[in-house]
Ligand SMILES: *[C@@H]1O[C@H](CO)[C@@H](O)[C@H](O)[C@H]1NC(C)=O
Ligand SMILES: *[C@@H]1O[C@H](CO)[C@@H](O)[C@H](O)[C@H]1NC(C)=O
Ligand SMILES: *[C@@H]1O[C@H](CO)[C@@H](O)[C@H](O)[C@H]1NC(C)=O
Ligand SMILES: *[C@@H]1O[C@H](CO)[C@@H](O)[C@H](O)[C@H]1NC(C)=O
């Protein structure tokens, strides 16, 4: 089979294509072409867009079949049922500016609106949504919509998913949200919402996912979780919640896979019942004021991949875990004295992030022999009492991105340290490192080797003097010139 006959249509194919376009245009308004109201509604939406630098809507032209426009889908005859417009976050030009035109209400059969990562859409909550009787899925994520979420939001009772994450909505979450009882997904994350979580959310019994993270919500986390039977993913980190982890969270034991309560002001102990969450793969309780010990029941969290308990007030002893493959662990800055890196860390075949800063580690790094080092991206062992050398460890971490080991007693020749191409952050400050600073450090984004015993001429770098001060005899910019011999 000749490949070029597939990619380059022959002239007879082109003729056929012309014929079918002509046929479609002849039948416009009847079979094939989209409904006139839908075309008018979509063109109204387009006229509300002031900037479309990547041409997301360039195929939206009057007189052509709107069912064939980019992002438009007609699943019921010639009626438009979904609009999906996605910006590409990694492309600077891939955004839309403007507002969501009320004329979109003419597209009466819409069941799904997916406006994701359009980044620059402004205006308030689009009230036209209340005029779309078949609407089930609303995803207007990562734009700049602002103002309050309307009190009448409960009128969208047929919604199965509501996602307004990553906008600039203000005010509190309306109580009427309790009327959206069909919701399986509710995402109001990354806005500027204030006030408490409405207790009525407990009526959303079908919720599978609840995202309220990165807002300014406050008060206690309501103790209403016994009403949820399907909830798998709960993210309410980065708010201002106070009080204890509510006891009713225990009823989520059979379903929960992802629990993120970090960066709040939660107090009290980590409840024992979390150890019964057999499916839990991610637990983030970081940056709260949780105290007491980590429950022994954590030994039963055998499926946990990501565990972040950092920056709390947790005390010894830390339980022995039975997890086979931890991927990411952060216990930094509690009141723990682990002495050794836990054995279940060293045996994990898939670990990529290990953060045990300020964990009271007392070991010689030469004696630490993890089974697998290949996947390591981040290692933070700062503020411990670690001696020895990281040379052989870093010789085996081919894709390391960050290594932080400030304020220890590491003693090795820096010239022998392998600095892999992926490495961006290296902090060895306040140790006993000697030798020269190798020229490979020029590729790093951040470097700190201050307060060691380094010597010799510095390679030309962009780093400030504070990256190098407090050594025995380093010289050259940004430090003082080397003495001529
Ligand atoms: C976003 O929208 C504003 C106002 O509509 C406009 O001034 C600005 O140039 C747009 N583009 C970007 C990338 O912010
Ligand atoms: C682990 O779970 C089993 C069965 O549910 C239970 O009997 C045991 O006490 C638990 N272990 C710990 C340390 O809590
Ligand atoms: C680093 O690894 C190379 C092989 O990849 C080996 O030849 C060398 O001896 C190792 N150096 C150290 C200090 O382990
Ligand atoms: C380097 O570390 C020292 C002490 O740990 C700190 O005071 C200094 O600000 C750091 N410099 C940079 C550039 O990070």
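Residue numbers (mature numbering (1 follows the signal peptide of the UniProt record, and there is no 0)): -26 to -1, 1 to 459. Using N, Cα and C, we set each Cβ at its ideal position, and we do this for glycine too.
| Asked | Found |
| --- | --- |
| Taking 6 Å as the cut-off, does the CB of residue 71 come closer than this to any heavy atom belonging to ligand 1? | yes |
| Would you report the Cα separation of residue 214 and residue 235, rounded to the nearest angstrom? | 10 Å |
| Reducing DSSP to helix, strand and coil, say where residue 131 ends up. | coil |
| Is it the case that the Cβ atoms of residue 334 and residue 367 are separated by a distance below 7 Å? | no |
| Taking the continuous alpha helix (DSSP H) assigned at residue 363, which residues delimit it? | Per DSSP, residue 363 belongs to no alpha helix (DSSP H) and is neither H nor E. |
| Among 299, 147, 326, 264, whose alpha-carbon lies nearest the alpha-carbon of residue 278? | 299 |
| Indicate the three-state DSSP secondary structure (helix, strand or coil) for residue 80 in the structure shown. | helix |
| By Cβ distance below 6 Å, which residues in the same chain neighbour residue 361 in space, the five residues on each side in sequence not counted? | 338, 383 |
| Counting beta carbon pairs with one atom in the segment 311 to 326 and one in the segment 287 to 303, are three or more of them shorter than 8 Å? | yes |
| Would you say the beta carbon of residue 224 comes nearer than 6 Å to a heavy atom of ligand 2? | no |
| Locate the alpha helix (DSSP H) running through residue 420, then write down its first and last residues. | That residue, residue 420, is in no alpha helix (DSSP H); its beta strand (DSSP E) goes 420 to 422. |
| Using a Cβ-based criterion (distance less than 6 Å to any ligand heavy atom), does residue 404 qualify as near ligand 4? | yes |
| From the DSSP secondary-structure annotation, give me the bridge partner or partners of residue 304. | 282, 329 |
| When every heavy atom of ligand 1 is checked, does at least one fall within less than 6 Å of the C-beta of residue 94? | yes |
| Grouping DSSP H, G and I as helix and E and B as strand, with all else coil, what is residue 338? | strand |
| Mapping the DSSP letters down to three states, classify residue 8 as helix, strand or coil. | coil |
| Assuming residue 240 and residue 217 form a contact by the criterion Cβ under 8 Å, report the distance between their Cβ atoms to the nearest whole angstrom. | 7 Å |
| Using DSSP with H/G/I as helix, E/B as strand and the rest coil, what is residue 112? | strand |
| If we require 3 or more residues per run, which beta strand (DSSP E) segments fall completely within the segment 2 to 56? | 23 to 25 |
| With 16 other CB atoms within 10 Å as the buried threshold, where does residue 164 fall? | buried |
| Counting pairs of beta carbons, one from the segment 71 to 78 and one from the segment 38 to 47, are three or more of them closer than 8 Å? | no |
| Nearest to residue 259 by alpha carbon, out of 232, 271, 274? | 232 |
| Tell me, which residues are paired with residue 266 by DSSP? | 288 |
| Which residues are close to ligand 2, meaning CB closer than 7 Å to any heavy atom, in chain order? | 249, 250, 270, 271, 273, 274 |
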